[in-house]
Amino acid sequence: MFDHVIAGVTVVDGTGGPAFVADVGTRGGRIARIGTIGADEESRSREDGTGLMLAPGFVDPHTHYDAQLFWDPYATPSLNHGVTTVAAGNCGFTLAPLNPDRPEDADYTRRMMSKVEGMSLVALEEGAPWNWHGFGEYLDALEGRIAVNAGFMVGHCALRRYVMGADAVGGQPSDEQLDQMLGLLHAAMDAGAWGFSTTQSSTHTDGDGQPVASRHARPAELLALARAVGEHEGTQIEAITAGCLDQFSDAEIDLFAELSAVAGRPLNWNVLTVDAAVPERVPRQLYASERARKAGGRVVALTMPILTPMNMSFGTFCALNLIPGWGPILALPVPERIARLRDPEVRAEMLRRADSKEAGVFRRLARFGRYVIGDTYSDANRGLSGRVVEDIAAERGQDPFACLVEICAADRLRTVLWPMPTDNDPASWALRAETWRHEDVLLGGSDAGAHLDRMCGAPYTTRFLGDCLRGRRLVGVEQAVKMLTDDPAQLFGLRERGRIEAGFHADLVLFDPERIDAGQATLVHDLPGDSPRLDARALGVRAVWVNGVEAIRDDTVSGAVPGRVLRSGRDTRTVSTR
2 MFDHVIAGVT
12 VVDGTGGPAF
22 VADVGTRGGR
32 IARIGTIGAD
42 EESRSREDGT
52 GLMLAPGFVD
62 PHTHYDAQLF
72 WDPYATPSLN
82 HGVTTVAAGN
92 CGFTLAPLNP
102 DRPEDADYTR
112 RMMSKVEGMS
122 LVALEEGAPW
132 NWHGFGEYLD
142 ALEGRIAVNA
152 GFMVGHCALR
162 RYVMGADAVG
172 GQPSDEQLDQ
182 MLGLLHAAMD
192 AGAWGFSTTQ
202 SSTHTDGDGQ
212 PVASRHARPA
222 ELLALARAVG
232 EHEGTQIEAI
242 TAGCLDQFSD
252 AEIDLFAELS
262 AVAGRPLNWN
272 VLTVDAAVPE
282 RVPRQLYASE
292 RARKAGGRVV
302 ALTMPILTPM
312 NMSFGTFCAL
322 NLIPGWGPIL
332 ALPVPERIAR
342 LRDPEVRAEM
352 LRRADSKEAG
362 VFRRLARFGR
372 YVIGDTYSDA
382 NRGLSGRVVE
392 DIAAERGQDP
402 FACLVEICAA
412 DRLRTVLWPM
422 PTDNDPASWA
432 LRAETWRHED
442 VLLGGSDAGA
452 HLDRMCGAPY
462 TTRFLGDCLR
472 GRRLVGVEQA
482 VKMLTDDPAQ
492 LFGLRERGRI
502 EAGFHADLVL
512 FDPERIDAGQ
522 ATLVHDLPGD
532 SPRLDARALG
542 VRAVWVNGVE
552 AIRDDTVSGA
562 VPGRVLRSGR
572 DTRTVSTR
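Residue 2 is where the sequence shown starts when you use our numbering, and the numbers rise one by one after that.
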């Protein structure tokens with residue numbers, strides 16, 4: 002007997018091969034048959050798939066659902082948009098391990114995650130139990146209570162903090178302390194961690210405003226940890242450096258190549274920004290992959306196939322704070338911040354720094370005339386929502402940046418700002434399509450679970466498919482599905498996932514090709530403590546199954562929690578670089 006049969010559906014199986022019409026039956030959490038299933042064959046449930054498409058569950062290679070899964074086992078909105086497997090524990094930031102002798106480390110970790118990953122501090126405090134110490138205990142705390150499949154890297158910052166305490170920020174480990182870190186990393190991977198993640202990015206600071214712990218690590222420490230990764234089956238490395246945001250330095254390219262080569266494991270980084278106005282960026286970034294292959298490693302760039310809308314403001318920590326020289330000004334108390342922003346000399350220097358080479362990818366944020374005004378909070382700004390700043394500035398006879406400052410000042414800096422992308426031109430989309438074909442480029446990088454009130458990258462799957470089916474059509478639907486399913490599954494070495502194939506786990510997405518898309522992101526208050534986040538509805542997704550159990554039907558969660566904590570070795574195989 003089948004558990005469920007989808008009859009007459011168009012199967013897009015994840016291999017990139019032509020779609021075909023078939024019946025698909027599941028049994029015991031697996032795909033039992035693809036072909037013809039007679040109406041007389043018994044099944045617990047059956048539905049007509051005529052006119053619909055069935056794809057493998059999507060795999061998101063870069064999320065930060067480490068905390069959210071405790072209060073939201075459905076990893077919304079990712080699951081709504083067909084994502085059945087998430088990779089978390091990225092960028093060097095994890096909630097474990099925690100030193101049992103220093104209970105204050107949990108508070109430090111919460112404040113760090115709130116600052117660096119834009120998570121609600123109240124939600125972190127109230128929504129997770131924080132009852133673990135070892136990494137294995139953290140994984141066990143999620144086992145059996147999540148609706149998606151989830152795999153976790155172990156973060157460098159947590160390893161350093163556990164061993165070195167407060168000295169992790171600014172200090173260097175002794176030989177004994179490095180051995181302790183290696184022991185913790187081995188224990189985490191023995192328990193099922195997918196590998197090791199780290200950050201050297203200049204944008205990553207902790208709750209005290211200091212560079213996060215892993216930024217103080219020297220190459221010898223990083224290479225020792227990478228070697229440890231290579232001693233475990235089914236493991237990976239994920240790393241972030243300052244150059245990820247624009248263009249790598251020679252030293253960063255060498256570091257990535259060495260880390261991957263000494264581990265004998267793939268290293269992925271986030272995120273490759275494609276912009277035809279900066280044609281030299283993609284070749285430079287992908288030189289890291291070329292260099293790694295020559296050294297016996299493999300470096301994979303993650304890139305998003307959509308333009309992710311972002312909320313910004315002068316009142317909350319966001320990407321504007323990361324522009325060189327802007328952070329200290331935007332960290333001032335609101336009255337002082339407003340006074341500084343109103344100073345013409347200060348604004349002139351801010352604009353100079355924002356348009357300098359050192360600003361890198363953040364230069365795109367300096368086109369203030371192209372910003373659109375979002376939510377406003379004062380009578381003075383009534384009627385401005387949805388309007389473009391350069392139009393308002395022209396009416397008022399003001400410089401666009403000065404105009405924007407006055408609008409925000411009237412709202413005590415609470416005004417929501419929407420920067421219009423500068424890379425939404427045909428040349429940039431053509432360059433993206435070309436870049437996606439590179440063997441070391443992978444779609445993903447949603448950051449889902451992080452930056453919750455500023456961006457909503459989780460719907461990239463449905464928005465991309467809608468664009469491929471009815472929009473720009475830069476790739477065919479078969480290739481698009483492969484890029485969202487089998488390609489990331491192969492990178493991570495996922496066992497029997499990523500394709501619709503007999504015997505594979507029944508992670509499935511049933512959707513209407515005429516409707517699949519994502520709705521506009523809206524601000525909702527559904528986190529613990531009534532904290533806000535951006536959410537977006539899935540359009541045209543009929544149902545999502547995880548391990549053969551229906552988890553979503555018409556954008557509504559079923560209440561089932563069929564997901565699994567995917568552990569290295571057991572659920573992943575080794576993907577060698579040689």
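We put the CB at the ideal spot given by N, CA and C, even for glycine.
- request: Taking Trp546 as part of the beta strand (DSSP E), name the residues at either end of that continuous run.
  value: 542-547
query: Going by Cα to Cα distance, which pick from His526, Thr557, Leu366 is closest to Arg1?
result: Lying before the first or after the last residue shown, residue 1 is absent from the chain, which here runs from 2 to 579.
Given Gly472 as reference, the closest of Asp356, Pro514, Ala229, Leu443 once Cα atoms are compared: It is Pro514.
task: Could you tell me how far apart the beta carbons of Ala56 and Val87 are, in whole angstroms, since I believe they sit closer than 8 Å?
output: 17 Å between Cβ atoms; not a contact.
- prompt: So who's on the other strand from Ala449, going by DSSP bridges?
  reply: For Ala449, which the question treats as bridged, DSSP gives the partners Thr64.
query: DSSP state of Asp424, grouped into three classes?
result: coil
- prompt: Is the Cβ-Cβ distance between Thr463 and Ile517 less than 8 Å?
  reply: Thr463 places its beta carbon less than 8 Å from that of Ile517.
- prompt: What are the start and end residues of the beta strand (DSSP E) that includes Thr523?
  reply: Counting along the chain, the beta strand (DSSP E) containing Thr523 begins and ends at 523-525.
message: Which complete beta strand (DSSP E) runs does the segment 130-166 hold, if anything under 3 residues is left out?
response: 150-153
message: Which same chain residues end up closer than 6 Å to His452 when comparing Cβ atoms and leaving out the 5 residues on each side of it in sequence?
response: Gly119
query: Taking all protein chains shown into account, do 16 or more other C-beta atoms lie within 10 angstroms of the C-beta of Ser386, making it buried, or fewer, making it exposed?
result: exposed
Spatial distance of Gly530 from Gly316 (CA atoms): About 20 Å.
Enclosing beta strand (DSSP E) for His1 [first to last residue]: Any answer about residue 1 is impossible in this case: the structure gives the chain only from 2 up to 579.
- prompt: Which residues in the same chain have their Cβ closer than 6 Å to the Cβ of Gly610, if we skip the five residues on either side of it in sequence?
  reply: Past the edges of the chain, shown from 2 to 579, lies residue 610, and the structure says nothing about it.
task: Look at the alpha carbon of Glu144 and the alpha carbon of Glu126, and state the distance between them as a whole number of angstroms.
output: 21 Å
- prompt: Ile35 by DSSP, collapsed to three states: which one?
  reply: strand
query: Can you name the start and end residues of the beta strand (DSSP E) that Ala89 belongs to?
result: 84-89
- request: Please state whether DSSP places Met120 in a helix, a strand or coil.
  value: coil
field: Contained beta strand (DSSP E) runs [length at least 3] in the segment 296-378, N- to C-terminal order
entry: 299-304
task: Label Leu333 either buried or exposed according to how many other C-beta atoms from any shown protein chain fall within 10 Å of its C-beta, with 16 as the threshold for buried.
output: Result: exposed.
Local Cβ density within 10 Å of Asn425, reported as buried at 16 or more and exposed below that: exposed
message: Between Phe249, Leu80, Asp106, which has its C-alpha nearest Asn600's C-alpha?
response: Since the first and last residues shown for the chain are 2 and 579, residue 600 lies out of range.
Beta-carbon contacts of Ala367 that lie in its chain and below 6 Å, excluding the five residues immediately before and after: The beta carbon of Ala367 sits closer than 6 Å to those of Ala355, Asp356, all from its chain and outside the five residues before and after it, given in chain order.
- request: Give a yes or no on whether the minimum CB-CB distance between Leu55 and chain C is below 8 Å.
  value: Protein chains in the displayed structure number just one, and chain C is not present.
- prompt: Using 8 Å as the threshold, is the segment 408-426 in touch with the segment 271-291, meaning 3 or more CB pairs across them?
  reply: yes
task: Report buried or exposed for Glu551, applying the criterion of at least 16 other Cβ atoms within 10 angstroms of its Cβ.
output: buried
Reference Asp251, options Ala129, Pro563, Ala395, Arg292, closest by Cα: Check the Cα spacing between Asp251 and each of Ala129, Pro563, Ala395, Arg292: the tightest is with Arg292.
Inter-residue CB distance, Pro19 and Glu479 (contact presumed, cutoff 8 Å): Confirmed, about 6 Å.
field: Asp468, enclosing alpha helix (DSSP H) - first and last residue
entry: 461-471
field: 4 or more residues per run - each alpha helix (DSSP H) lying fully within the segment 231-285
entry: 251-264
query: Should the segment 183-191 be called in touch with the segment 74-82, which here means at least 3 C-beta pairs below 8 Å?
result: no
- request: Determine the extent of the alpha helix (DSSP H) in which Met182 is found, giving its start and end residues.
  value: 176-191
- prompt: To the nearest whole angstrom, what separates the beta carbons of Val542 and His82, a pair I think is in contact under 8 Å?
  reply: Yes, Val542 and His82 are in contact; Cβ-Cβ is about 7 Å, under 8 Å.
message: Judging by CA-CA distance, which residue of Ala302, Met113, Gly193 is the nearest neighbour of Ala240?
response: Ala302
Bridge partner(s) assigned by DSSP for Phe21: In the DSSP output, where bridge partners are listed per residue, Phe21 has Val12.
field: Sub-8 Å separation of Leu495 and Thr573 beta-carbons
entry: For the pair Leu495 and Thr573, the CB atoms are nearer than the 8 Å cut-off.
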